[in-house]
Amino acid sequence: MQSTEPTNINTLNVDNLNRTELLDILSWYVDAGVDEAVDENSVNHFAELAPIPKLAEAPKLNPNPNIQAKTETPFTDKPQAPPIPQAAPTPRKPIGNANKTRMAKDLKAGQVDYQHSIKAAQKAAAACNNLDDLGKALNSFEECSLKHTAKHLIFGQGNQNADIMLVGESPGRDEDVIGHAFAGENGEMLDQILHAIGLDRDKVWLSYLLPWRSLGGVAPSQANVDICQPFLMRQIELVDPKIIITFDGLVCKNLTKQQGSIIATRGKFSEIKVGDKAYKTLPTFHPQLLLSNPAYKQLIWQDFLSVKAEV
19 MQSTEPTNIN
29 TLNVDNLNRT
39 ELLDILSWYV
49 DAGVDEAVDE
59 NSVNHFAELA
69 PIPKLAEAPK
79 LNPNPNIQAK
89 TETPFTDKPQ
99 APPIPQAAPT
109 PRKPIGNANK
119 TRMAKDLKAG
129 QVDYQHSIKA
139 AQKAAAACNN
149 LDDLGKALNS
159 FEECSLKHTA
169 KHLIFGQGNQ
179 NADIMLVGES
189 PGRDEDVIGH
199 AFAGENGEML
209 DQILHAIGLD
219 RDKVWLSYLL
229 PWRSLGGVAP
239 SQANVDICQP
249 FLMRQIELVD
259 PKIIITFDGL
269 VCKNLTKQQG
279 SIIATRGKFS
289 EIKVGDKAYK
299 TLPTFHPQLL
309 LSNPAYKQLI
319 WQDFLSVKAE
329 V
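Per our numbering, the sequence shown runs over residues 19 to 329.
This is the structure we're talking about:
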């Protein structure tokens, strides 16, 4: 029986391969679970480490009674959230020739016409009258290449009648493995923030601009964003929240069309129109940022207090 494994590409000049052959190789790697690029030759990084020089002991400073103690936010020392049970992986359908072609086009973001996929998403989303149907429609949607490389679809979780809706960019590695929105350390930080204003996951609605993790966690293409956005807009209509909190600049840019960094836009209310209704939005930092930059806790705390005052 003829092997389905592609010819060893180390012996080929990929410039001489046609699109079908390249897609076959990519499809084989995806089926094999290869989702990150590495160097061809192994490297012993331990051998490259230089000895760390000893530093002279710094002089001791006299205590200054005029310096106030660091202000802590209410969610600094909250207990960690209980672990979230892992969900069963979403079965993957074989990638047909038509979808391979669509995936190849999607890789050339900005250079191809993907209006067909956007219209298909708009039609599928508009036909849904509740969140359950919308989740099923998204699960069967074949026009986004991210679906074929992610382990789980992370549609939306929480209270379907919530006053507050939180929207992240896309699931991370923990979310893709576990199958739940805002999992791992990011989720623990978010739980602490919500707890500080008297909320929890059962009282808000959690969602993403892109419901699938991108291959290797790379930044999503604008093509994928535009294709997935109709499902998010319909999700907003069905949840009908009073306020939408957007995490990170990409979500804010695509929902509110505001330009600039998240540092410049955070904490400032604006409105977006979805259908015939206007929704108030507030951009703020992603909980993941607080793990590496605790100084931002005070700012995100102020943002969530503003949201609490509005609802």
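All C-beta atoms in this analysis are idealised placements derived from N, C-alpha and C, irrespective of residue type, glycine included.
Of the listed residues the options, nearest to residue i (C-alpha basis)
i	options	result
Lys-260	Gly-174, Ile-280, Tyr-297 and Lys-326	Tyr-297
Ser-163	Leu-149, Pro-238, Ser-288 and Arg-252	Pro-238
Lys-326	Ala-168, Asn-179, Leu-217 and Asn-204	Leu-217
Gln-276	Met-207, Asn-148, Ala-199 and Thr-299	Thr-299
Trp-223	Cys-246, Leu-212, Arg-231 and Trp-230	Leu-212
Ile-172	Asn-179, Asn-157 and Asp-181	Asn-157
Ile-263	Ala-168, Ala-144, Asp-181 and Met-207	Asp-181
Val-257	Asn-147, Ile-43, Leu-44 and Asp-209	Asn-147
Val-195	Asp-209, His-170 and Asn-204	His-170
Ser-288	Ser-310, Glu-328 and Asp-150	Glu-328
Arg-219	Asn-179, Phe-159, Pro-189 and Ile-281	Asn-179
Pro-189	Arg-231, Ala-145, Pro-312 and Ala-143	Arg-231
Lys-154	Thr-274, Asn-177 and Phe-249	Phe-249
Lys-221	Gly-197, Val-236, Met-183 and Ala-241	Met-183
Residue i, enclosing alpha helix (DSSP H) - first and last residue
i	result
Leu-308	305-310
Pro-301	Not the alpha helix (DSSP H): Pro-301 falls in the beta strand (DSSP E), residues 295-302.
Gly-174	Premise fails: Gly-174 lies in the beta strand (DSSP E), 174-176, not in any alpha helix (DSSP H).
Trp-319	315-328
Asn-157	149-157
Lys-137	133-144
Val-195	191-196
Thr-167	Neither: Thr-167 is in no alpha helix (DSSP H) and is coded neither H nor E.
Ala-237	No alpha helix (DSSP H) contains Ala-237, which DSSP labels as neither H nor E.
Ile-215	Careful: Ile-215 lies outside any alpha helix (DSSP H) and carries neither H nor E.
Residue i, DSSP secondary structure in three states
i	result
Thr-274	helix
Cys-246	helix
Glu-203	helix
Asp-258	coil
Leu-40	helix
Val-269	helix
Arg-252	helix
Per DSSP, the bridge partner or partners of residue i
i	result
Leu-184	Leu-224 and Ile-263
Range of the contiguous beta strand (DSSP E) that encloses residue i
i	result
Asp-290	The sequence given here has Ile at residue 290, not Asp. First-last of the beta strand (DSSP E) with Ile-290: 288-292.
Sequence-distant residues of the same chain with beta carbon closer than 7 Å to residue i, five excluded per side
i	result
Leu-307	Tyr-314
Ile-245	Tyr-132, Ser-135, Ile-136, Ala-139, Glu-161 and Cys-162
Ser-279	Gly-267
Val-292	Met-251, Ile-254 and Glu-255
Glu-203	Leu-309
Pro-312	none
Close Cβ partners of residue i (< 6 Å) along its chain, the five nearest in sequence each way excluded
i	result
Phe-265	Gly-186 and His-304
Cys-270	Thr-264, Gln-276, Thr-283 and Pro-301
Gln-175	Ala-199 and Leu-224
Ile-215	Phe-322 and Lys-326
Close Cβ partners of residue i (< 8 Å) along its chain, the five nearest in sequence each way excluded
i	result
Gly-285	Leu-300, Pro-301, Thr-302, Leu-317, Gln-320, Asp-321 and Ser-324
Asn-272	Leu-227, Val-243 and Gln-247
Lys-141	none
Lys-165	Phe-159, Leu-171 and Trp-230
Gln-86	Any reading at Gln-86 must be qualified, since the residue scores a pLDDT of 45, below 50, and its modelled position is unreliable; no value is offered.
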